[in-house]
Each structure stands twice: as C-alpha cells, then as structure tokens.
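*Asks:* In this note's numbering, the protein residues as written are 167 to 649.
Here a beta-carbon is modelled for each residue, glycine too, at the ideal position from N, C-alpha and C.
1) Would residue 565 and residue 522 be called neighbours here (beta carbons separated by less than 8 Å)?
2) Which residue marks the beginning of the alpha helix (DSSP H) containing residue 533, and which one marks its end?
3) Could you please give the first and the last residue of the uninterrupted alpha helix (DSSP H) stretch that includes residue 520?
4) Under the three-state reduction of DSSP, which class applies to residue 496: helix, strand or coil?
5) Looking at residue 383: is its Cβ nearer than 8 Å to the Cβ of residue 349?
6) Within a Cβ cutoff of 7 Å, which residues of the same chain sit near residue 123, ignoring the five residues on either side of it in sequence?
7) In angstroms, rounded to a whole number, what distance separates the CA positions of residue 462 and residue 391?
8) For residue 215, I'd like the list of residues in its chain whose CB is within less than 8 Å of its CB, leaving aside the five on either flank, ordered along the chain.
9) Could you have a look at residue 196 and say whether DSSP puts it in helix, strand or coil?
10) Going by beta carbon distance, what residues of the same chain come within less than 7 Å of residue 496, once the five residues before and after it are set aside?
11) Say whether the region 419–427 touches the region 372–380, bearing in mind that this needs 3 or more beta-carbon pairs closer than 8 Å, one atom from each stretch.
12) Pairing CB atoms from the region 511–522 with CB atoms from the region 537–556, are three or more of them under 8 Å?
13) Taking the runs of the alpha helix (DSSP H) that are 4 residues or longer, which of them lie wholly in the region 329–380?
14) Which of the three DSSP states, helix, strand or coil, is assigned to residue 396?
15) So residue 489 is in the alpha helix (DSSP H); what residue range does that whole segment cover?
16) Does DSSP put residue 566 in a helix, in a strand, or in coil?
17) To the nearest angstrom, how far is it from the Cα of residue 406 to the Cα of residue 545?
18) Alpha carbon to alpha carbon, how far is residue 254 from residue 361?
19) To the nearest angstrom, how far is the alpha carbon of residue 249 from that of residue 282?
20) Would you tell me roughly how many angstroms separate the C-alpha atoms of residue 339 and residue 266, rounded to the nearest one?
21) Here's a check: name, in chain order, each residue in its chain whose Cβ is nearer than 7 Å to the Cβ of residue 367, leaving out the five neighbours to either side.
22) Helix, strand or coil: which one does DSSP assign to residue 621?
23) Take the Cβ of residue 592 as the centre, count every other Cβ of all protein chains shown within 10 Å, and call the residue buried at 16 or more, exposed below.
24) Can you tell me where the alpha helix (DSSP H) holding residue 505 begins and where it ends?
25) Anyone know if the C-beta pair for residue 483 and residue 524 falls short of 8 Å?
26) Can you look up residue 301 in the DSSP assignment and give me helix, strand or coil?
27) Pairing CB atoms from the region 609–618 with CB atoms from the region 575–593, are three or more of them under 8 Å?
28) Compute the beta-carbon to beta-carbon distance between residue 651 and residue 527, rounded to the nearest angstrom, for a pair I have assumed lies under 8 Å.
29) Output needed for residue 429: all residues of its chain with C-beta closer than 6 Å, excluding positions within five of it in sequence on either side, in chain order.
30) Where does residue 573 fall in DSSP's three states?
31) Looking at C-alpha atoms only, which residue of 381, 264, 257 and 290 is the closest neighbour of residue 345?
32) Beta-carbon separation of residue 501 and residue 465 under 8 Å?
33) Is it buried or exposed, residue 583, if we count other Cβ atoms within 10 angstroms and call 16 or more buried?
34) What three-state label does DSSP hand residue 448 in the structure shown?
35) Using beta-carbon positions only, say whether residue 353 and residue 398 come within less than 8 Å of one another.
36) Do you know how far the Cα of residue 358 is from the Cα of residue 436?
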C-alpha cells in the first residue's frame, strides 16, 4: 500500500506578517495576523471585451447613480512638472478638487466631452506623479484624496422593467463611468501603497464609516470594480490593525444577509478571497469567534443556489481552517454531509471536489471519527445515475493518501461500500463506471482477501439464494482479476 504521507502544507502558513513603517520599510510582526495573497477570483463565466457593447436579453438599469456636479466646466491646470517644487502641493490639491467633479455617462454620454477629458488627463497626471515622485503624500493631501467620490448608490439588483441579474447566466453590467472610475481606483491604490503613506494620519479618514461604504460597493456587477475593491480592502486590512475586527464583522453581516435573506450578492467570491488570506494569518490556537465563523457562516454558504460562483474561494477558506486546527474536521465534514445536494448533480460534483481537498489534509485520527457517514454518502454517489457523480466519487480510489486511510480502516469501510460497488458493477448504464468499480473492488481485494470474501458471503446471504446472483459473483471475480 502507499505510504501514509500527507500532502505538504502551503509554505504560506509559515510566513510572518509584514506591515509597513512610516519610513516605508517592512517590519515583521509576530503579534499581528498574517496577510498573504489569496487565490485569484475565477471570472470564467464572465465574457466581455473592452469597448464592445454587451447585448442583454432584457433592458436593465446599466450603471450607478451619481449626483452630478452642477458646475462641470473644468479649466486645464498647468502640469505639475512645469511649476516650482514649492507650488506643487497646492497645485496637486487643485487638481484633486477638479477630479471631484462628477459627469453624466448614462443619460447623455456625449455631454461635456471636453471637460471629461480634462478630468481624465488630470487623474492620469496625478497617478503618474504619486507613483514616481517622492514625499508627495503630505498631511494636507489626505482630506482631498478621500473626497474623491468613490462612493455612490449602486443600481438595484432587480427592477420592474428587467430581469434579476443571474451571475451564472447573465453577462455583467459594466460601469458606464469606468473611464474615470478606474483612474480614481488606481490613484487611491497607489496612494495606499506609497512609501510616504502614514496610517496614523490616514486613520482619521479611513474609519469604520469608510470601510462600511467600501464594502457596500462589493455588490457592483462590474468585475473590474470588484477586483480593485478586493485589493484596496486587502491593503487597508494589512495597514490598519484597529479596523481588522470591524472589517471581519461587516463581512460577516454581508454573508448573513446573503445566506438567510437575499441569496443575492455580486461580491461573495471576492470577499471570500480576502478572507482566505485573513484565515491564513490567524494565530494559534484559534479564537472561538473564528471557529464560530466557520460553523455558522462558511458551512451554510454551501446551501445557497449560486454556490458555483464562489465555490473555489469557499473551499479554500474551509481547507485553511482545517490546516490550522484539525479538530474542526469532524464538524466540517458532518456539516457538508448535512447540506449535501439531493437532486442537483453539478452541485454534488463541487461537494465531491471539496471533500477530496479536505481528505488530502485530514489527520488519520480525525478520519476515523467520520469514516462511516462519509463512505455511506460516497456509496450513494457511486450509485448515482449521473455518471459524472459516480465517476468523481470513484476517482477517490486513485488518490494515494486517501487509499492509505482506506487501507488502515478497510474493516469499517468495505462493508459500507461493497453493496453499491457490486450492484453497480453490473447495473450501471455507463461502461466507464464499470471499469472504475472493478478497479476499486480489485484494490479492496488486494488489501484484505479474507475481508473481501466475508463481505461477498454476507451480501449473498442478505439477498437470499439466487442462481443468477451466484453466477454473477463468479463473473465479477473473473473481471476483477483480468482488469
């Protein structure tokens, strides 16, 4: 049998968290939670090309609601490079004020084109200036920088004249004001990442209210905006230790509303992605609040109908918890079995994928606690008429570490699995499944021939005397030996 060697843990678990000092140097901290890059959000269901208008089935509100500025006539200011260094800070503030002017990109996209270009050029210049110049983030800049209006009212998720947005089927509605909004996000991100950025000064402006408004924007349909928001919130979490508990609490509230009230939110995948890196940095032993988050939030997220949109990020978070604390394995697996889909095969495939990821990191002592209910469910999957479900379950017998666990506990597992394996070796409609079942039975036979024969006799006695059944048993043995 294969050696019982668990798959190696991610090296990120051993990394220490880093925060930046006011001088811009990285300082390693043992006490602060670690921040590591989460896995990228999957956007495979989103197909769009820049500049190509999207055709939707029904008319829906297309973009955010901005409060337009009354006086939108902007005059081009001198370039920052063309004025003396002593005057640059004042000119920088003037350019920031100009960039707070909001234009109409929805009802009249062709209006104010000249002034829109002035704002776009100003944002580009400031972006370049803050990226390549030193000591430009001074205290007087902070209030002006935060007054750039990132925050606005998002369109409703459904409306009387159009269908509700389905993230699995519909194309996303792209933000009409993105030519300006993108530059605002890029400027704000460079601002946070500047070596001159001082969190002690910025905390007067980046506070609980700011975080709450930022989190509300995660419901934007535009995946480009959510990607910027994800990175910005990640930076804020890393730099502002006092806001960490607040950020986690507000994210929890979003999840609770999503699970138990609305079942609709566009940014669940991105929020889970951020949480993946946060969980990776949790100190040991885990706090009770973190364990409750796993049981009360992450596990119930499996029952929402739009699971496929965020499942990779959710599975990553669950596995991170189990790598931190193996004692959580039993409640997690029993929770998955409780929410196991009964009639939705694509969702069942997701559960099987996640379950294998969990088994890859499970401790042998924890495996013993869940082996019987776990393999009871796998036996049902093997019997599934949906061949992909049966196939995915039988692929577990190709996993080296799982096979070592099965080998050590064959006396408990084989009696659970044998009836479904035998029945479907003959009755399943898909021939590929027959081959995979023969492989599983052959491995069981090689593990413990006597146990295999005992299970065979027990199954024979349970179904009563049947000449055809006896013949099929002999035929099955021939198939297994020749497989």
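*Replies:* Taking the coordinates as given:
1) yes
2) 530–548
3) 511–527
4) helix
5) no
6) The shown model of the chain, from 167 to 649, leaves out residue 123, and the question about it has no answer.
7) 29 Å
8) In this predicted model, residue 215 has a pLDDT of only 41, less than 50, meaning its place in the structure is not dependable; the value taken from the coordinates is given anyway. Counting only Cβ-Cβ distances below 8 Å, and skipping sequence neighbours, we find nothing.
9) Here residue 196 scores only 37 on pLDDT, less than 50, and its place in the model should not be relied on; the value that follows carries that caveat. Of the three classes helix, strand and coil, the one that applies to residue 196 here is coil, per DSSP.
10) For residue 496, where only same-chain residues beyond five positions count, the Cβ hits under 7 Å are 532, 535 and 536.
11) The region 419–427 vs the region 372–380: no contact.
12) yes
13) 344–359 and 365–368
14) helix
15) For residue 489, the uninterrupted alpha helix (DSSP H) segment begins and ends at 477–490.
16) helix
17) 49 Å
18) 19 Å
19) 24 Å
20) 24 Å
21) 305 and 308
22) helix
23) exposed
24) For residue 505, there is no enclosing alpha helix (DSSP H), as DSSP marks it with neither H nor E.
25) It is not a contact, given that the beta carbons lie outside the stated cut-off.
26) coil
27) yes
28) The shown model of the chain, from 167 to 649, leaves out residue 651, and the question about it has no answer.
29) Cβ-Cβ distances below 6 Å link residue 429 to 470 in the same chain, with the five nearest sequence neighbours on each side left out; the list follows chain order.
30) helix
31) Between residue 345 and the set 381, 264, 257 and 290, the nearest pair of CA atoms involves 290.
32) yes
33) buried
34) coil
35) By the CB criterion at 8 Å, residue 353 and residue 398 fall outside the cutoff.
36) 19 Å
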